[in-house]
Each structure stands twice: as structure tokens, then as C-alpha cells.
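> Below are the C-alpha cells for one structure; questions will follow.
Residue numbers (full-length UniProt numbering): 1 to 335.
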């Protein structure tokens, strides 16, 4: 990644705003269609869009709150607060969207009621599909740009990125399109057979789809709230940068943490040459910070702790942050 690469907060805000506006318009249309037609799948899709709209509002709040500058009480900034709001968004999708869809689908299967015409459902589903596709296209473009920036695949970027907003929008818009297809199949089969059980089954499947998305997002945000390290590829590159500094004999310990979507902390125990003076050690520490922040603008804090080598120690790093490899496929990972 070059120095000229801009930070992605503004792009993420734009992606969230576009998705929120699209979901709000779709939610109103689906609700009207669901009330007129009596379709469980349409009402579930309306709940789906309402949940997505609320999610976008919470994600927008996450971006605004998480981007506040550091202060005396929060010296590392407010980046982790963005994960709190993103977690709330996932929970709202779980409770409001999935809960309503599943319960309403079960009720429809048991009662077998349908109160109106199917035509309006088909029209709203078609228009909604077009609007959701536009929103998803913007999210896909951002994912592709960010994956190229980090020299990885879009799939791996989505799996490992600390930017939970773009990940949430991508997953929700993808789930929305799948949900529209399920709703269309449910309405169509019910129309063709006269049996509302298909409408109810589609509603339940939409609810399960929302449960899956909510679970993925909640798990990801919890991991980041606890304090997740950067991906292995980035950690190894940081280690190489530090090990290549003048006066550095070895890196004994390297620890990293995602402080926010675009804020990384790096802390290392470093064995300097025995002959290095205090001034040389200070200059090397300054150079370490300059190199790392220049290559990776997301790195905000670099702390080096001079340490003494163990007798007979050889090699670069005695121990670093150890966890299961996330890039077993050999591809580089994003932050």
C-alpha cells in the first residue's frame, strides 16, 4: 500500500448512507405490498428491510463515534466504540428481523391465510431487487478497491477486515437479494398452487438467513472488541521491518492489536546491539515508527521496549504473537 492511499472512512460512510436510503425506500414499499397482499414472505421482507435500515443508522453512528480523536481519558482513541455500535446493529437484525420473519412464517403455515392480490408483491419484489443491486454494487466496488490496496482477494479481505461497516453492508445487501429471491419463490409457489405453506416456508427461510448474517457479524465484532491482532501476513511484514532496522539484533516479542477499523497498535520487545548508545537506540525507535506508519498509515502507535537477549539465543524472533494461521492458502491478508 502506498502513502498516497486515502483512509476509507468517507467511502464507508457513503456506502452506509446509500444502503440506508435504499433500505428505507424498500421497507416502505414492501410493507405496503405485504399489508395489501397479506403475504407472509412480503411482510418478512419488510421486517428485513426495516432491520437493515436500522442497522445502517447504527453503523453510521459507529463510524461517527469511532472516528473521534483521542483525548486524555481515551488516549488510544474511540475506535473500539465502532464495534459496540456494530454489535448492536447485528443484535437488532437478530431480534427484529429474524424473530419476526420466523414467527410470522410459522403462523402463516398454521393459519393458511392470504388476503389480497399477488401482483403488487411481484412488482415490489422486482423494484426492490433493482434497488438492492445498486446498493450492493457500491459495496462490492469498495471491497474490490480495498482488497487490491491490501494485495489480497475480496473474499479474504471480507473475512479478515477490521472495517465492520463495509462488511455488514456487503453481507446485508447480499442477504437482501437472496431474501428477495426466496420471497419471490414463496409468493410464486403459493400463487401457483393456492397453498400458503410456501409463503410461510419462504418467510422462515428469510428469518434463518437473517440469523446467519447476524451471527457472523456479532461474532466478528465480539472478536474485535476483545482485542484482535492483525492478520499473520501483516504481522510478519511488521516484524521484518523492525528486524531490518540498524542497531537491532532481534525481535523477542511482537504484539499487535486492532484499536479500530483503521487504527493499529504495535508493541515489541527489541534486543538492540550491545554496543548501541542511548542516542542510537532513540534514533532507531524513531526510524521504526517512521517506516511503519509510512508503509501502513493505519498503524497509529508504535512502542519498542529494549530488552536483553537470553544467553545463547539465535535467530530473529524468540516468540511473537502466536495464533492459528489465517493465511494458510499463502495469500497476503488485509488488516
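Virtual Cβ for every residue (Gly too), placed ideally from N, Cα, C.
How big is the Cα-Cα spacing for residue 74 and residue 52?
Going by the C-alpha atoms only, they are around 31 Å apart.
> So, helix, strand or coil for residue 76, using DSSP?
coil
> Give a yes or no on whether the C-beta atoms belonging to residue 49 and residue 118 are separated by under 8 Å.
no
> Can you tell me the Cβ-Cβ gap for residue 175 and residue 213, rounded? I've got them flagged as a contact below 8 Å.
Cβ-Cβ separation between residue 175 and residue 213: approximately 5 Å, consistent with a contact (criterion under 8 Å).
> Look at the alpha carbon of residue 56 and the alpha carbon of residue 95, and state the distance between them as a whole number of angstroms.
16 Å
> In chain order, what residues of the same chain have a beta carbon less than 7 Å from the beta carbon of residue 143, not counting five sequence neighbours either side?
Its chain contains 154, 157, 158, 166, 170 as the residues whose beta carbon lies nearer than 7 Å to that of residue 143, once the 5 sequence neighbours on both sides are disregarded; these appear in chain order.
> Residue 279 and residue 245 - do their beta-carbons sit closer together than 8 Å?
no
> Going by other Cβ atoms of all chains shown within 10 Å of its Cβ, with 16 needed for buried, is residue 335 buried or exposed?
Any answer about residue 335 is weak, because its pLDDT of 47 lies below 50 and its placement is not dependable; what the coordinates show is given next. Its Cβ being crowded by 16 or more others within 10 Å, residue 335 is buried.
> Helix, strand or coil: how does DSSP classify residue 164 here?
helix
> For residue 217, which residues from the same chain have a beta carbon less than 6 Å from its beta carbon, with the 5 sequence-adjacent residues on both sides left out?
90, 168
> Check each candidate in 124, 271, 308 and name the one with the smallest Cα separation from residue 239.
Taking only the C-alpha atoms, the option nearest residue 239 is 271.
> Kindly say whether residue 159, judged by its beta-carbon, lies nearer than 8 Å to any beta-carbon of chain B.
No chain B appears in the structure shown, which is made up of a single protein chain.
> Does the count of Cβ pairs from the stretch 252-272 and the stretch 299-309 closer than 8 Å reach three?
yes
> I'd like to know whether the C-beta atoms of residue 32 and residue 105 end up nearer to each other than 8 Å.
no
> Assess contact between the stretch 74-83 and the stretch 224-241, defined as three or more Cβ pairs (one per stretch) separated by less than 8 Å. Is contact present?
Touching, per the Cβ criterion.
> Relative to the C-alpha of residue 345, which residue among 47, 135, 274, 43 is closest?
The first residue shown for the chain is 1 and the last is 335, placing residue 345 beyond what the model contains.
> With DSSP collapsed to three states, give me the class of residue 197.
Look at residue 197 here: in three-state DSSP terms it is helix.
> So who's on the other strand from residue 117, going by DSSP bridges?
Partner(s): none; residue 117 has no beta bridge.
> For the candidate residues 263, 137, 284, 286, whose alpha-carbon lies nearest to that of residue 296?
Distance from the Cα of residue 296 is smallest, within the candidate group 263, 137, 284, 286, for 263.
> Write down every uninterrupted run of the beta strand (DSSP E) in the UniProt domain "Cation efflux protein cytoplasmic" (231-302) whose length is 3 residues or greater and which is fully enclosed by it, in chain order.
Taking only runs of at least 3 residues, the beta strand (DSSP E) segments lying wholly in the UniProt domain "Cation efflux protein cytoplasmic" (231-302) are 248-260, 263-272.
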